[in-house]
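Undergrad: In my numbering, the protein residues as written are 173 to 456. All C-beta atoms in this analysis are idealised placements derived from N, C-alpha and C, irrespective of residue type, glycine included. Provided herewith is a single structure, encoded as structure tokens, for subsequent inquiry.
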């Protein structure tokens with residue numbers, strides 16, 4: 173038996189706009205340049221399935237071409253973010269797969285993280301309650317994370333007999349919270365409380381639960397109203413420079429900044445400054 177990655181719903185032929193996209197496995201809405209993606213199985217703490225993994229992967233790939241989306245918010249319905257892979261729909265079937273099937277699955281889940289890192293829009297995760305396993309990786313793959321005091325983030329792979337190195341965890345987590353702290357969480361699988369996560373730098377800030385989504389959307393709206401071409405360049409360089417030496421990074425940033433200086437947004441900002449006005453960025 174071999175696992176074939178789930179078939180996501182066909183995305184619109186004109187991927188320059190995603191406002192009309194009707195997601196099958198989560199909620200997806202676009203308003204004011206901000207896409208809000210809501211994992212929507214609150215009765216089971218919003219777990220992922222084979223098909224939701226695949227649809228998320230294809231959606232984040234399509235975002236690279238979506239001119240109507242300038243920033244993304246990802247959240248969970250109810251009082252939890254995501255409990256990880258569904259025990260019955262994913263974990264059970266995985267125990268019956270052969271090695272090629274298992275590798276096809278783990279590569280597909282990693283492709284979701286790659287797609288999130290490659291899409292040019294900043295991604296803001298709004299994390300309340302349980303954020304575990306693959307859910308913790310969705311949060312980690314986001315650019316910024318807002319949490320609550322009751323957030324519980326756990327990279328719990330070792331608790332089910334797996335390595336902590338899942339979906340890029342061993343590369344991403346040390347860069348966010350440091351090597352020693354990442355090692356502790358990945359070895360033990362214990363939960364990181366919201367206040368601890370903020371202190372360690374995992375969360376950018378903590379919000380009251382009732383204010384969390386609004387704060388994340390406000391942050392995303394502020395980014396969407398900014399120089400979105402330059403934001404995309406910033407995200408690209410944040411990702412790309414991990415594998416560079418300092419001299420290479422300085423040269424890469426010189427090239428990236430020169431490209432941004434040729435953009436219309438840069439010229440609009442200058443003329444607005446001269447006129448003592450607020451610049452109106454259009455992402456070109």
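Rounded to the nearest angstrom, what separates residue 398 and residue 268 at their Cα positions?
TA: 49 Å
Undergrad: Between the C-alpha atoms of residue 261 and residue 217, what's the straight-line distance to the nearest angstrom?
TA: 14 Å
Undergrad: Which one of 240, 228, 271, 343 has the shortest CA to CA distance from residue 293?
TA: 240
Undergrad: Just how far apart, CA to CA, sit residue 198 and residue 212?
TA: 5 Å
Undergrad: Examine the Cβ distances between the stretch 415–432 and the stretch 386–395 and report whether three or more of them are shorter than 8 Å.
TA: no
Undergrad: For residue 289, name the three-state secondary structure that DSSP assigns.
TA: helix
Undergrad: Return the Cβ separation of residue 317 and residue 374 in integer angstroms, given the expectation that the two are a contact with Cβ distance under 8 Å.
TA: 6 Å
Undergrad: What are the boundary residues of the beta strand (DSSP E) that includes residue 316?
TA: 316–319
Undergrad: Helix, strand or coil: how does DSSP classify residue 222 here?
TA: helix
Undergrad: Give the single residue among 286, 450, 367 whose Cα lies nearest to the Cα of residue 314.
TA: 286
Undergrad: Relative to the alpha-carbon of residue 252, which residue among 242, 214, 361 has its alpha-carbon at the smallest distance?
TA: 214
Undergrad: Rounded to a whole number of angstroms, what is the C-alpha to C-alpha distance between residue 361 and residue 327?
TA: Distance between the alpha carbons of residue 361 and residue 327 is about 5 Å.
Undergrad: Here's a check: name, in chain order, each residue in its chain whose Cβ is nearer than 6 Å to the Cβ of residue 180, leaving out the five neighbours to either side.
TA: Low per-residue confidence applies at residue 180: pLDDT is 45, beneath 50, and the placement is therefore not dependable enough to give any value.
Undergrad: Tell me whether residue 232 sits in a helix, a strand or coil according to DSSP, three-state version.
TA: Reduced to three states, the DSSP call for residue 232 is helix.
Undergrad: Measure the CB-CB distance between residue 330 and residue 359 and report whether it falls below 8 Å.
TA: yes
Undergrad: Can you give the beta carbon distance from residue 238 to residue 190, rounded, assuming they're within the 8 Å contact cut?
TA: 4 Å
Undergrad: Which partner residues of residue 201 appear in the DSSP bridge assignment?
TA: 208
Undergrad: So residue 421 is in the alpha helix (DSSP H); what residue range does that whole segment cover?
TA: 418–433
Undergrad: Check residue 339 in the structure and name its three-state DSSP category.
TA: If DSSP states are grouped into helix, strand and coil, residue 339 belongs with coil.
Undergrad: Alpha carbons only, please: which of 234, 350, 402 is nearest the one belonging to residue 437?
TA: Comparing Cα-Cα distances from residue 437 to each of 234, 350, 402, the minimum goes to 402.
Undergrad: Pick helix, strand or coil for residue 296, following the three-state DSSP scheme.
TA: Assigned with DSSP and collapsed to three states, residue 296 falls in strand.
Undergrad: Give me whichever residues DSSP pairs with residue 267 in a beta bridge.
TA: According to DSSP, residue 267 bridges with nothing at all.
Undergrad: Kindly list the residues whose CB is nearer than 8 Å to the CB of residue 174, restricted to its own chain and excluding five residues on each side of it in sequence; keep chain order.
TA: Residue placement at residue 174 is poorly supported in this model, since its pLDDT is 36, which falls under 50; the coordinates still yield a value, given next. Excluding positions up to five away in sequence, the list reads 269, 270, 272, 273, 276.
Undergrad: Using a Cβ-Cβ cut-off of 6 Å (strictly less than) and excluding sequence neighbours within five positions of residue 372, which residues of its own chain qualify?
TA: 349, 353
Undergrad: Tell me the rounded alpha-carbon separation between residue 378 and residue 366.
TA: 7 Å
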